[in-house]
Structure formats: C-alpha cells, structure tokens
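**Q** To start, I am sharing the structure in question, which I have written as structure tokens.
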Amino acid sequence: MRLSFNEIRTRAANFARTYADATYEKGETQTFYNDFFAIFGVERRSVARYEEHVRKLNNKSGFIDLFWPRVLLVEQKSAGRDLTKAATQAGEYFDALKETERPRFQLLCDFQTFELLDRDTREETTFALADLPDHIEKFGFIMGMEKRSFKDQDPVNIEASELVGRLHDALDANGYKGHQLEVFLTRLVFCLFADDTGIFEPRDIFLDYLEERTREDGSDTGPMIAQLFEVLDTPEDARQANLDEDLARFPYVNGDLFKDPIRTPAFNSEMRERLIEAGRFNWSGISPAIFGSLFQSVMDKEERRKAGAHYTTEKNILKVVGPLFLDDLRAEFETLKARKQNRVKLLRAFHEKLAGLSFLDPACGCGNFLIITYRELRLLEIEVLREIYRAELARMKGGATELPLQSLLKLDVDQFYGIEFSEFPARIAETAMWMMDHIMNTQASLEFGAAFLRIPLRKSPNIVHADALETDWTTIAPGDLSYIIGNPPFIGAKYQSDEQRAQVRSIAALGKTGGTLDYVCAWFIKAAAFGAPTAFVSTNSITQGEQVAQLWPILFERHGFEIAFAHRTFAWGSEARGKAAVHVVVLGLEPRASARKDRRLFSYPDIKGDPIETRHAAISPYLIDASTLSNPHLVVKEASKPINGLPKLIIGSKPIDGGHFIFSGEERDAFLAQEPQAAPYLRPYIGAREFLNGGDRHILCASLIPPQDFRSMPLTKDVVGQVREYRLGNIPAKGKDPDTIKKPGMSSLALAETPTAFHVTRIPDAPFLVMPEVSSERREYAPIGFLEPPIVPSNLVRIMASATPAQFALLQSAMHMAWLRAVGGRLESRYRYTIGLVYNTFPMPPGDDLTKLDLHAQAILDARANYPDASLADLYDPDIMPADLRRAHQANDKAVDRLYRKAAFKSERDRVEHLFQLYEKMTDPLLAKPAKKKRRKGTS
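Sequential numbering from 1 applies to the sequence shown in the UniProt record's numbering.
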C-alpha cells in the first residue's frame, strides 16, 4: 500500500529527531540510510548498495557510500565536514560509472545537512536535517515519483526505442510476429515504464522478477512473463491464496491492457538479456508523446535506422492546440486569478469547464496530439487547484492534512477520442495516454504533497482502430465534442490509390470532375461536417494552386466554417537523426456562428525559425489578410484566356512521338552525316531543363518537309514511320523498356494518320518569350527570357509571341513571383507555372503605360550577358547570384512596385494582399472595397 505524504512527513519528523545527534560517518551511515529509506516504506537493501566499488577515470579505486543504479548516488561525511570535497568525489564516481548506471540524483550529507542535486534539471536543494519533513517531496523519486521536464530532442526517447527494437528483432527472428508481437511489446513497455515510475512498488520489482526468477538460458522467461500478465489483469481480492509472493506484489492494472490472452513467446539467453537490458534502463525520463512514434518505428528496421525522423515535436503540436483553445483557456485563467470577487467560485466553475472538454484526433497515429493536449490541460488543472486551495496549502505547511487529490483531480483520459487506421499505433496511443496520466498524477502528488495513483485503471482513452474516412465520427465521439485536432496523412492527388481517390471524391462530392484534392482534404471536410472547431496540420498545397478553388468553397459555403487562425508555411519535422521535414501550414477552423472576431495569422520570415503574429478581421484561404476584401472567401479560379489584358500565353510543341523525333547532339551529327539534307529540319529543341541548365537536344520538324523531298531522305522517312508505329501502339518509345510503355490513347491513334505532325505544333518564325513550366523553389525569381528561331520550344515551357521588354520586366518581377507563389501550384516543392491559374489571372498595375520598365528589362538582360558561359540555373542560384544581376532585379522590382502604388511594399505578403484587392476589382468590380489602410495589431 502506497504511503500518504502525511504518513511520510510524520516518519521524516521522527527520523530527524532520532538522528539529531548523529555525527560519525563510519559508524552510523548504514543504519542512517536503512532508516531513511524506511521513511518511504522501501527496504534499502532491495534497491541500493553500500560501498560500491568504482574504478575512477584516473585508474584509482574508490567506493560510493551508497549507490542505487540509475537513481541515486550518496556521498556521506561526518558531521561538520566540508561537503565540497564530497561533491568532487561524487562527480568523479558519476563519470566513472557506465552510461546505463548513471543516476539522476546525487545526495551529499553530513547527517545534519542535506544537499540534493537533480542532474537532469540541475536543481539543487540544501536544508538541515530538522527541516526534512518540509522537503520530503524532493525524495519522491524513491517511490518512483519524479518531476518531469519535457524536451523534444531528449536522446533518452531514441535510446529507449532502440532497446525495444533489439528485443523486437530477436522475437521476430524467432518467429513471434504480427499482432501477437505488437501486443506483447506494448505490455512490456508499460511494465518497464511502471517499474521506474511508481506504478509498481517498490521500484524495480519487474527488473528483479526478470533477473532473479527467470533462468539464465531464457527457457522459462516467456511463461513467467505470461503469468505476470495474468496477475496484472486480476484484482487482488480475486487472486489465488497461494500465489507466489513475488507476483503478489504487483498491482491490479485493469484498463483492458492485459485482458486478451496471447501466445507465449519462447526466449533464449540472448533474448532474455536484451529484455533485462531494457529493464535496467531508466524509463522514468521518456516522453510518452515522442516515445510512442519511436516505438512504432521499431516494427520497421528501415524506419528505425532513421529513429527520430518522423516524430512530431512538442513545439509544433502546440502550434495546433495553442491557438485553437489552449491560449484562450490560459488567458481566461489569468483573468480569473485577478478577480477580487467570487474568485474561488469562478475558478471552480472553470475547473468544471476543463473537465467537460472533449477532443478527437481522427488520424491519431501513436497519439502525440492527444497526449500533449492532455498533459497541457493537466498542468493547467494543477495551477487552478493551486489557486483554489492557496490558503489551504499554506496551512498544510504547518503540518495540516493533505489535499484529497482522488476527488479534486477531475480531468481523465476518457475525455479523449482517436481513430487510427493501423492497430499497433492505436494500442500504443492508448498505452501512452495512461503513461502520461501517471506522469501528471505524480506531478500533482509532488505539487500538493498527497500521494495519488490511478491504479487499477478505471477509465480508458477512446482509441478506435478504424478507417476514419469510412467511419461515422458521431459513433465514436460525442455530438457536443469540443475540438478536433491532428495531423492527417499527406498524400497528393497523383499518388493516391484508386480506393483513396474514391474516398476523397465521395466525401468532397464535387460532381463528375471529382476534383484533384489531396488526401488530407477529406479530413477537413469530414471535420467541418461534424461541426466542431478544428485544427489540422496540412501540406501547404491546399492553400495554393487549383485545390483552393475546389476545397475552400466546401468549407466556407457548404459547411459554414471560417479560418480562426493559421500558420503560414514553415518546416515541420524533427531535428533528430534523419531530419525529416516537410513544408506545412496549420489551419484552425471554427463554425461561422461562433467565430472569433480577431483571427490570428502566424508568418515565418525564416521557415525554420519562429513566427511573427498579426491579427485580422478575416483570413483568406491563401493565408493572407482578407479584411480588405469584400469577399474574404475569394478564390482564384482558372481562366481559359487572359482576363488582365496581357497577350495570350501558350505551351510549346508537344510531339507525342515516343522520342523518335528527338535527337541528342551526337545522334543529330550521326544522322546528318548520312542524310545532310535533313539539316534545315533538325532544329534546337528547348524545354525547361535546357532553358535553365543548357543542353543539346534537337527535334525533327517533319511537317516542314515538302512531300517530294522525302524521296531523297530515306532515313527521315523511316523516322516518320517509327512515329506512326509508336502512335499505333506497335513499337515502344525510343530508349524505353517496352514493358513500361502504355498503349497510346485515342489522340495518338488519330495522330497516326498525320505522322509528320506534332500533337501541338509551335515552330516560331520570330523571337519569343519563354517561361519554364517548373522552376526550383530556392530561386527568388523563376527565370524567363527571349529565344529566337530556329529554336523550337517544347511543351514544358510557356511561350509568348511578340512580347515586349516591358512585359518581360513585369513578369520577371518580385510582384509576379509573389502571385506565382501565392496562387500557383507546386510540383513536389518546385514552382509550377500554370497559364490558366497564374498568368491569365495576374492583376496588372493601374494604367496601361509599362514602357517605364523597358530600361530595367534591358538592364537584366545585359547583366545576364556579362556571363555568357553561365546557365540561368547558375545565375539564379540564390547563393551565387551575381551582384550586378541582383541589383538589376532589385531596381526592376522597385519600378514595378511603383506602378502598383506609391507606398513601398513591406513584404511579399503585403504584395499578395494588394494583388488580391486588384484581382477582386478585376473579377467583380461591383463588390470590390475601396483600398484603405490595413489594420494590424499584435506581434509575438
């Protein structure tokens, strides 16, 4: 039975009186510490050893006065001796210990003075023996009750997962696999955690059970663990009377964690040693939120090699739950704390409010979001109780009774709901929630000096193993659910399976076209249909490109939601090994009827840095201030032709030839050596890659050859025949494996009737402007430029005939780049320049006079010409961009900006917001608001 802190304090006072005259190190140390451990109901000899021999780093021997591996190191001196020397000795012993045995706590003592050091937090506590009862909570670690600090990059989480990983591999190699292995490991992890955190009493009884009661050859390890699991699932009053004493010490756990029987694994000596190695590790320091994801990775050896690459940092999780509800709750609490009237009554009502909240993560994985949310709410609950019982706590310092935490702590794991597609992560999430519950119970116990333990488990988190997109969420979570949170899977439209694509189309209900939505969009739509305030992490693709016009009208109009807050693009991931990171946004949505007036927008000048916060009356789905728009829900729709007065932009030649018309430089030379009369028709062929990086490709323009000339050009005629056969599906593409070639479609079959022609033919006879379809996201400017005949542009560039220098300058400006980044789609992370969405919709500056830009266009072209051997990719690499070219662009940017307005633009977002005002005027001039100075307030 766990002792109450009242009982422990009473024992501590008696201990202090008993040893008030103790002074002699050699004669009284052992009796002193035997009785000291007895204060906490722990037998010293069951956990700690006297005079532990250590070979120090200088090769000299030493003896630790008292040593508890992984937990405590004590250096004891006679009364009145200087403890500085003891601290030096303790440090030498600590350094000499094995990494796996180094303790978290260090105690220096001369009987009358205690100096306790927490090596994790560096917190030091010094007090006299007589004051021991007032500081007794500092020694809660003896019962497994340790204060916790949470660090994203704490290597202890990775180390723990690797220990489990080694055990997993051994069991898996022995044929113990699948569901049985997953359940077995989940139960083991709970026992390892319980052994070091006070759930099992005394500490390390599970480790002792493994070391002392199982054979070294491992032959009985599996059955002994199976018997323990049965005991953990059996109430104490229902156990057999003659149950082994070592097993009888374990508590009844409940919570269905040990309920279902599983096959008993067969161990050998090596597997047993790996389990004991995991048992010797100090599990009290792990974070359930981070460890859960790492634990999942042990099931995949390849993933484990990148341990730490895929867990979500706590800092990033707080970017979701903070603005959605936690910041508001903390602000409300601070307001209530300052109240002078009805303060306690209002705080009690606030506490009830916290206990009434409920949360759903419909793609919960290993439960990271639920676990961190629960932790933060429990920490807030502790603060609330501290304020309510401040006077009572002050009185307790004088020895009054402790707070009845069993009835005061109201938050519990059953307020949390999760849906997870894979069974193993779902079970990890459930277990990790219980682990966090215990950590927070310990925190409350140490805070209020009242031992509190929720064993047996009475309540469970509601984690369901199911497909969230095929499940009615109302059957899992309550209708009055408070919030929906999470990080649904990122799968682009092109990478979805047929089943996933069908799911998205069914949920989006966009009609015959079905849309091209990312997989994550389905979670947004289902959450909006559920009706609870929601915050999800998403790839930034749903705030760019064609998806905006498909997704956001559903959320805004069909379901009546508004953007409550948003984090603009930033790098989401871990700085641990593997360093996996993607560019994401965080979107917080809430029903329009209850939408807040101030919307929070977090922008990242450095995507790996901290954000700057601004507040607005409305936020656009492009994650800009929408308060200056008549329609804050405005989306840019693809236009079939320019609506801005610019000349038509078209794609280059698209041959559909299987590569038979296309020649490398060497192939061209070899061909012309045999058939020189083909020279006028083999022309330079430039796509995005050649335009940006250079290259030597050529294309045979067979449609320009007079029919009679084919008589003397047999090789050319043969190429045309190959194109015809390819289009008919009779031969593969040039240089490709036939098995990878799909049969041509109807367009190819029709083209087979005119094999000299391209599918799309663009053979310019005058200079033309070129814009690559795709360009690196690293570049400040997506390079464009002029080309001239005989060059033939490919379909991977966009071309404009008879473009003026001023048009070049406008389209090469920071203003146009801002529009591209805001509304254009992405290919992977690269800029994707689409004619209908970016070019045809780009808002022009007021007035028609662009000629002021001619000089700046020429300056850019002249600066490029200074480096004739450099490619455009070289010149526009942001790390090595020549100074004169950069200056020419900056001057052009200023000139373009002045065409749009006199006041300078402060940022790219400022440009985009201005462009959206112009776009609204251009598309619906009757609705457009007159331009006015934007209101911004608040920074953080």
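Idealized CB from N, CA, C, for every residue including glycine.
In whole angstroms, give me the CA-to-CA distance for residue 1013 and Ile-705.
**A** The structure shown does not extend to residue 1013, since the chain is modelled only from 1 through 940, so no value can be given for it.
**Q** Going by alpha carbons, who is nearest to Phe-193 out of Asp-220, Phe-281 and Glu-137?
**A** Phe-281
**Q** Can you tell me whether Thr-126 is buried or exposed? The criterion is at least 16 other CB atoms within 10 Å of its CB, across all chains shown.
**A** Exposed.
**Q** If you drop the 5 nearest sequence neighbours on each side, which residues of the same chain put their C-beta closer than 7 angstroms to that of Trp-572?
**A** Asn-316, Val-537, Ala-581, Val-582 and Val-584
**Q** For the region 821–887, which segments carrying the beta strand (DSSP E) assignment without a break, of at least 3 residues, lie completely within its bounds, in sequence order?
**A** 825–827 and 830–832
**Q** By Cβ distance, which residues of its chain are closer than 6 angstroms to His-633, with the 5 residues on each side in sequence left out?
**A** Phe-556
**Q** For Thr-84 and Phe-94, what's the separation of their Cα atoms in angstroms?
**A** 15 angstroms
**Q** Among residues of its own chain, excluding the 5 on either side of Asp-737, which ones have a beta-carbon nearer than 7 angstroms to its beta-carbon?
**A** Any reading at Asp-737 needs caution, since the residue's pLDDT is 49, under 50, leaving its predicted position unreliable; the model's value is listed next. Nothing meets the Cβ criterion.
**Q** Looking at Tyr-209: is its Cβ nearer than 9 angstroms to the Cβ of Pro-456?
**A** no
**Q** Below 8 angstroms, how does it come out for the region 880–889 and the region 858–866: are there three or more Cβ pairs, yes or no?
**A** yes
**Q** To the nearest angstrom, report how far apart Tyr-495 and Met-435 are at their CA atoms.
**A** 37 angstroms
**Q** Output yes or no for whether 9 angstroms exceeds the beta carbon distance between Phe-229 and Gly-279.
**A** no
**Q** For Arg-166, I'd like the list of residues in its chain whose CB is within less than 7 angstroms of its CB, leaving aside the five on either flank, ordered along the chain.
**A** Arg-274
**Q** Take Gln-812 as the anchor and find which of Arg-762, Ala-865 and Ala-891 has the nearest alpha-carbon.
**A** Comparing Cα positions, the closest option is Ala-891.
**Q** Among Glu-447, Leu-469 and Pro-676, whose alpha-carbon lies nearest the alpha-carbon of Leu-385?
**A** Closest option to Leu-385, Cα to Cα, is Glu-447.
**Q** Considering only the beta carbon of each residue, do Ala-535 and Gly-588 sit closer than 9 angstroms?
**A** yes
**Q** So, does the region 185–199 touch the region 419–437, judging by three or more C-beta pairs under 8 angstroms?
**A** yes
**Q** Does the Cβ of Ala-20 have 16 or more other Cβ atoms within 10 Å, making it buried, or fewer, making it exposed?
**A** exposed
**Q** Which class does Asn-342 belong to by DSSP, given the choice of helix, strand or coil?
**A** coil
**Q** Mapping DSSP to helix, strand and coil, what is Arg-599?
**A** strand
**Q** By the three-class DSSP mapping on this structure, what secondary structure does Gln-544 have?
**A** Here Gln-544 sits in coil by DSSP.
**Q** On the three-state DSSP scale, how would you describe Asp-737?
**A** With a pLDDT of 49 at Asp-737, under the threshold of 50, the modelled position of this residue cannot be trusted, and the question is left open.
**Q** When DSSP labels each residue in this structure, what does Asn-6 get in the three-state scheme?
**A** helix
**Q** Which one or two residues does DSSP pair with Met-771 in a beta bridge?
**A** Arg-798
**Q** In chain order, what residues of the same chain lie with their CB nearer than 8 angstroms to the CB of Ala-508, ignoring the 5 residues before and after it?
**A** Gly-514, Gly-515, Leu-517, Cys-521, Ala-522, Ile-525, Gln-550, Leu-551 and Ile-554
**Q** How is Glu-575 classed by DSSP in three states: helix, strand or coil?
**A** Bear in mind that a pLDDT of 39 at Glu-575, under 50, signals an unreliable position, so the number given afterwards is only what the model happens to contain. DSSP places Glu-575 in coil when its eight states are reduced to three.
**Q** Around the C-beta of Arg-864, are 16 or more other C-beta atoms found within 10 angstroms, so that it is buried, or is it exposed?
**A** buried
**Q** Sorted by chain position, which residues of the same chain lie with C-beta nearer than 7 angstroms to Ala-12's C-beta, five sequence neighbours on each side aside?
**A** Ile-39, Leu-132, Pro-133 and Ile-136
**Q** CB-CB under 7 angstroms to Glu-7, same chain, minus the five flanking residues each way: which ones, in chain order?
**A** Taken in chain order, the list of residues that qualify is empty.
**Q** Can you check which of these residues, Phe-452, Leu-623, Phe-105 and Pro-680, is closest to Ser-4 by C-alpha distance?
**A** Phe-452
**Q** Can you tell me whether Ala-16 is helix, strand or coil according to DSSP?
**A** helix
**Q** Considering only their Cβ atoms, is the gap separating Leu-751 from Ile-656 smaller than 9 angstroms?
**A** yes
**Q** Could you tell me if Arg-668 is buried or exposed, where buried requires 16 or more neighbouring beta carbons within 10 angstroms of its beta carbon?
**A** buried
**Q** Per DSSP, which residues does Arg-49 bridge with? Please list them.
**A** Phe-67
**Q** Enumerate, from N- to C-terminal direction, the unbroken beta strand (DSSP E) stretches of 3 or more residues contained entirely within the region 318–377.
**A** 359–361
**Q** State the start and end residues of the unbroken beta strand (DSSP E) segment that holds His-438.
**A** His-438 -> not in any beta strand (DSSP E); alpha helix (DSSP H) instead, spanning 423–448.
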